[in-house]
Amino acid sequence: MYMQIAKEEVTVIERVATTPDWYEPYRISQAIRAGGFIYVSGQAGIDEQGRTVPGGFMEQGRRAFQNVQRVLEAAGADLTDVVKIGIFVRDMAADLDGVIRLREEFLSEPYPADTLLEVSSLAQPDWRIEVEAVAIERTAR
């Protein structure tokens, strides 16, 4: 836990992680809790050992959203607390319909603000989707 002091206000910055924490070797926090929000780092379609899940875009996408949910649960929140989501895909033309299905499957009204971007690559060459999120802390509501 870290504290920053500015103008007599104290903002607590707390690292959030699951067990196992597959991001620890890379010095990345799975999420940070600060200022009433939970900032979830990009989650890919990987299993608990950090291996890409078998299958296509939908299998990776489901697992990426499940990983976001897992990190949120470690912070005491869930997908209904998400206020902003970022979805990064490798092939928009091929996977846009899948993204829409994933949104329907995992997100509910009021839908979070959303950014969808096509990117030339992700951290691993076999990753097809990565999902990041910002959620409001339940105690901050």
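Just so you know, we're using full-length UniProt numbering here: the sequence shown kicks off at 1 and counts up by one.
Where a beta carbon is used, it is the ideal one built from N, C-alpha and C, also for glycine.
Only a predicted model underlies this, so the values are computations on that prediction, with no experimental measurement involved.
With a threshold of 7 Å on Cβ separation, who are the neighbours of residue i within its own chain once the five nearest residues in sequence on each side are excluded?
i   : result
G76 : R138
S41 : Y23, I28, S29, Q30, A31, E132
Output yes or no for whether 8 Å exceeds the beta carbon distance between residue i and residue j.
i    : j    : result
E59  : V68  : no
Q30  : Y39  : no
V83  : V134 : yes
I136 : F37  : yes
Can you tell which of the options has the C-alpha that lies nearest to the C-alpha of residue i?
i    : options             : result
V131 : E24, F106, G36      : F106
T19  : G42, E73, A44, A64  : E73
G35  : A113, R51, I28, E14 : E14
E109 : D81, V16, D95       : D81
R62  : A113, F37, L96, I46 : I46
V16  : Y26, I32, P25       : I32
Can you look up residue i in the DSSP assignment and give me helix, strand or coil?
i   : result
I28 : coil
V99 : helix
How close, in whole Å, do the beta carbons of residue i and residue j come, if the pair is a contact with beta carbons under 8 Å?
i   : j    : result
A44 : L122 : 7 Å
Within its chain, find whatever has a CB closer than 6 Å to the CB of residue i; leave out the 5 residues flanking it on each side and keep chain order.
i    : result
V119 : F88
R128 : F57, Q60, R90
D114 : I85
R70  : T18
G50  : W22
Near residue i, which residues of its chain fall below 8 Å by C-beta distance, leaving aside the five closest residues on each side in sequence?
i   : result
P94 : The question names Pro, but residue 94 is Ala in the sequence shown. Answer for A94: F57, listed in chain order.
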